[in-house]
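Residue numbering for the sequence shown follows my numbering, starting at 1072 and increasing by one per position.
Backbone N, C-alpha and C define an ideal beta-carbon position, used for all residues, glycine too.
To start, the structure under review is shown below, and the notes come after it.
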Amino acid sequence: MSTTSSIARPTSVSPSVPADGAGAPPTRRRRRSPGGGIGATFGVNGLLVLGSAYMVLPLLWLVFATTKDASALYGSDAFTWGGAFFANLERLLTEDDGIFLRWLGNSVLYAAVGAIVGGFVALMAGYAFDKFQFRGKGALYGAVLIGVLIPNTATVIPLYLLAASLGVTNTMWAVLIPAFCNPFSVYLARVFSAGYLPDETLEAARVDGAGPIRSFFSVGLPMLVPGFVTIALFQFVAVWNNFMLPLIMLQDRQLFPTSVGIFLWQSQVQQNPEYLPLVIAGSFLSVVPLVIAFVMLQRFWRSGLSAGSVK
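In C-alpha cells, the structure reads:
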C-alpha cells in the first residue's frame, strides 16, 4: 500500500493589511507647485504684462509723437520717429513770449512748496495722532479718514467760495493753501510714525528731560525722514497733476500751471491744428520733472514704502 506524502512548499506570506489601511505603506503623492501650476503662472504674468503695457504705451506714444509735426501726427503710424523734435521744442519755448516756461515754473513752485510744507504739516499731524493721547482723538482721526474718501473735485467749489470770501482768488495762495492740508498724507504719516518710531525711544528722550517739541525735532523727525520723503513725493505728484482747483481759482494766464496752460492750448486745436504739436511737446516736458524727482529720491521712497514690513 503506497502512501502519498505531500511536501509542504514554502509560500510567501504577505503581511495582513487592516481594512482601515492604517498599516499600509505610504504612497507618493504628486507635489503641486506653490503657484498653482503653469496656468496660474501664465495668468499672473499675463496680467502684469497687460498692466505694464497700459502704463508704458501712452508714455512711449508721447515720446514718438513729440518728434512729429502736425501733418505727421495725422498721417503716419503711431510708433514711428519724426524729424521735428527740436523744432517742436523751440516753438514750445518761444510761443507767446515763452509763456510755457512761466507755466512750468509755476508748476514747480506749487508742487515743491506744497510737497515740503504740506508733507511737514502731515508728518506733525500723523505723529500727534500716533504718539499723543488727547480728547477727541478718535473723532478727529475719523474725520481725516472721511476726508481721504472724498474726491478732490468735490471740494473745489467750497474751496473757491472760501477763497473768494478771503479775497485770495486769482493768487498763488489759492492753489498753495489747499495743498498744505492733505488727509491721505496725514494717514500715511501716522502709519510711518507707528512703523519707524518706537514708543520706547520717545520715552527714553522724555526721561532725559526732552519735552514733546524737542522730542519730535531731535528724535522723531530724523527717524521719520524716509516717511517724509515718501509723503512729499505723493504730495508733489498730486499738486503737479492738480487741474480742477487752479482752473477754478485762477484767471491770470501768468499764474497758470502746466496742466491748465496745456488745456488752454488744447481747447484751440479744433480751430488751429498747429497747436497740437505744442500740446504734445508741453505734455512731454511736463513729465520730465516728475521722472527727475522719482529718480533722485528713489532710495528714500523705497525704504518709506517698506516701513513696518520687517520687524
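Through-space distance from residue j to residue i, alpha-carbon basis
i, j, result
"Glu1161", "Asp1168", "12 Å"
"Leu1259", "Gly1154", "45 Å"
"Phe1203", "Leu1220", "25 Å"
"Ala1234", "Ser1357", "27 Å"
"Ala1186", "Ala1196", "15 Å"
"Val1310", "Ile1109", "43 Å"
"Val1331", "Lys1139", "23 Å"
"Ala1158", "Glu1166", "12 Å"
"Tyr1417", "Thr1226", "Coverage of the chain is limited to positions 1072 through 1382, which leaves residue 1417 absent and any answer about it impossible."
"Val1362", "Phe1156", "20 Å"
"Leu1172", "Arg1285", "42 Å"
"Ser1178", "Gln1342", "27 Å"
"Thr1242", "Arg1261", "32 Å"
"Leu1230", "Leu1131", "36 Å"
"Pro1344", "Ala1141", "7 Å"
"Ala1136", "Ala1149", "7 Å"
"Leu1121", "Leu1347", "29 Å"
"Ile1228", "Phe1334", "20 Å"
"Pro1249", "Pro1283", "27 Å"
"Ala1183", "Val1115", "38 Å"
"Val1088", "Gly1117", "Annotation note: pLDDT 46 at Val1088 (below 50); position unreliable, coordinate value reported separately. Each residue's alpha carbon lies about 50 Å from the other."
"Ile1170", "Gln1325", "7 Å"
"Val1246", "Phe1314", "10 Å"
"Ala1193", "Ala1143", "47 Å"
"Phe1255", "Ile1302", "9 Å"
"Leu1232", "Ala1275", "47 Å"
"Leu1273", "Pro1297", "18 Å"
"Gly1106", "Val1278", "Note that Gly1106 scores 49 on pLDDT, short of 50, meaning its location in the model is unreliable and no value can be drawn from it."
"Leu1318", "Trp1336", "14 Å"
"Asp1201", "Ser1147", "57 Å"
"Pro1222", "Asp1270", "34 Å"
Continuous alpha helix (DSSP H) stretch holding residue i: start and end
i, result
"Asp1148", "Note, Asp1148: premise wrong, no alpha helix (DSSP H); not H, not E."
"Val1358", "Leu1347 to Met1367"
"Phe1255", "Pro1254 to Tyr1267"
"Glu1166", "No alpha helix (DSSP H) contains Glu1166, which DSSP labels as neither H nor E."
"Thr1224", "Thr1224 -> no alpha helix (DSSP H), and no H or E assigned at all."
"Tyr1118", "Rather than Tyr, the amino acid found at residue 1118 in this sequence is Leu. Taken as a continuous stretch (DSSP letters only), the alpha helix (DSSP H) holding Leu1118 covers Ile1109 to Thr1137."
"Leu1321", "Unbroken run through Leu1321: none, as it is neither H nor E."
"Gly1340", "The identity of residue 1340 in the sequence shown is Val, whereas the question assumes Gly. Neither: Val1340 is in no alpha helix (DSSP H) and is coded neither H nor E."
"Gln1306", "Val1296 to Trp1311"
"Val1246", "Trp1244 to Ala1250"
"Thr1272", "Asp1270 to Val1278"
"Ser1286", "Pro1283 to Ser1286"
Residue environment, residue i, which counts as buried when at least 16 other CB atoms sit within 10 Å
i, result
"Thr1224", "exposed"
"Gly1189", "buried"
"Ala1364", "buried"
"Phe1327", "buried"
"Phe1113", "exposed"
"Phe1355", "buried"
"Leu1316", "buried"
"Trp1244", "exposed"
"Ile1217", "exposed"
"Trp1152", "exposed"
"Met1126", "exposed"
"Lys1208", "exposed"
"Ser1289", "exposed"
"Ala1111", "exposed"
"Gln1306", "buried"
"Val1215", "buried"
"Phe1205", "exposed"
"Val1350", "buried"
"Ser1032", "Shown here, the chain extends from 1072 to 1382; a query on residue 1032 therefore has no answer."
"Ser1264", "buried"
"Leu1321", "buried"
"Leu1128", "exposed"
"Leu1119", "exposed"
"Leu1304", "buried"
Interface flag, residue i vs chain D, CB-CB below 8 Å
i, result
"Arg1261", "Here chain D cannot be found, since the structure has a single protein chain."
Supposed close pair residue i, residue j - CB separation, criterion 8 Å
i, j, result
"Val1257", "Leu1368", "The Cβ separation is near 20 Å, so there is no contact."
"Tyr1267", "Leu1295", "6 Å"
"Leu1163", "Ala1352", "4 Å"
"Thr1329", "Leu1180", "Actually they are not in contact, since the Cβ atoms of Thr1329 and Leu1180 sit about 12 Å apart, beyond 8 Å."
"Phe1287", "Tyr1145", "Contact flag wrong, Cβ pair sits at about 58 Å."
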